[in-house]
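Asks: Just dropping this structure here.
Chains as they are written, first to last, in my numbering: chain S, 53 to 168; chain D, 4 to 114.
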C-alpha cells in the first residue's frame with residue numbers, strides 16, 4: 053500500500069521555540085493531507101486539512117497562526133508549531149487518503165513533541 | 004453525545020479467548036466504516052473496512068448495522084500480538100476530511 057513518512061519521529065524543544073514536522077507521501081501524490089493531534093489516552097483529533105497549492109482548512113478551535121501548515125508540493129506537507137509551549141506537547145500525526153479512493157487513510161509514523 | 008463511541012475498556016483477556024468490541028455512531032448519513040489498530044506510541048493502521056454485509060479476515064469479523072448505527076469487531080483465538088488499541092472510524096462522506104475517530108478500546112491479551 054501507499055506509504056506516508058513523517059519526520060522527525062520525536063523532538064524535544066524549549067518553550068518559545070518553533071518546531072517543524074514534515075509529512076511526505078513516498079509513492080503517490082497527495083493533493084490533500086490531514087494533520088491530527090493525539091493526547092495521552094485520547095483519540096485522534098483532526099487539526100487541519102492541508103491542501104496543495106492553497107490555504108489549509110483549520111478545525112474549530114485550532115489556531116492557524118500557531119500551527120502553520122504548508123503544502124508546497126504534491127508529496128510534502130509541513131506543520132510548524134510556532135512559539136511552542138508545554139501544553140502543545142502531544143503526538144502529531146499526518147495522513148493522506150488512499151489515492152485509489154478506497155476510503156482508507158495512510159498515516160505517517162507520528163511525531164512526539166515534548167516542550168520543556 | 005460524541006459522534007463515535009466505543010466500549011471504554013480496557014479488555015484483559017487470556018490467549019485464545021474471543022473478544023468483541025462495540026461501536027456506535029451518531030450521524031446516520033455516515034458512508035464508510037473502518038477498524039484501525041493503534042499500538043502504543045505508534046500510528047494507526049487499517050485493520051479492516053466494514054461492509055454492510057459483514058466481512059471476515061482470518062480471526063477478525065466485522066459487522067455493520069446501519070439501522071442501529073452500530074459496528075462491531077470480533078476477534079477469535081486471541082494472540083498476544085493482538086494487544087493494542089482498536090479504533091472505530093467513521094467517514095461521514097467526502098475525500099477523507101470527514102473521518103471521525105472513536106476514543107478506542109484497549110485490548111491486552113495475557114499469556
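Heads up, the beta-carbon is just placed ideally off N, CA and C, and yes, glycines get one too.
1) Is the Cβ of residue 44/D closer than 8 Å to any Cβ of chain S?
2) Looking only at DSSP bridge pairs, what is residue 58/S linked to?
3) Do you know offhand how far residue 136/S's Cα is from residue 89/S's?
4) From the DSSP secondary-structure annotation, give me the bridge partner or partners of residue 149/S.
5) Could one say the Cβ of residue 145/S lies closer than 8 Å to chain D's Cβ atoms, at least one of them?
6) Using 8 Å as the limit for Cβ to Cβ distance, is residue 126/S near chain D?
7) Going by DSSP, what residues sit across from residue 120/S in a beta bridge?
8) Is residue 85/D helix, strand or coil when you go by DSSP?
9) Determine the direct distance from the alpha carbon of residue 26/D to that of residue 69/D, and round the result to whole angstroms.
10) Identify whether residue 60/D lies in helix, strand or coil by the three-state DSSP scheme.
11) With 8 Å as the threshold, decide whether the Cβ of residue 90/D is near any Cβ in chain S.
12) Using the DSSP secondary-structure output, state which residues sit across from residue 63/S in a beta bridge.
13) Smallest Cα separation from residue 94/S: which of 124/S, 142/S, 122/S?
Replies: In this structure, then:
1) yes
2) 75/S
3) 14 Å
4) 157/S
5) yes
6) no
7) 132/S
8) helix
9) 12 Å
10) strand
11) yes
12) 165/S
13) 142/S
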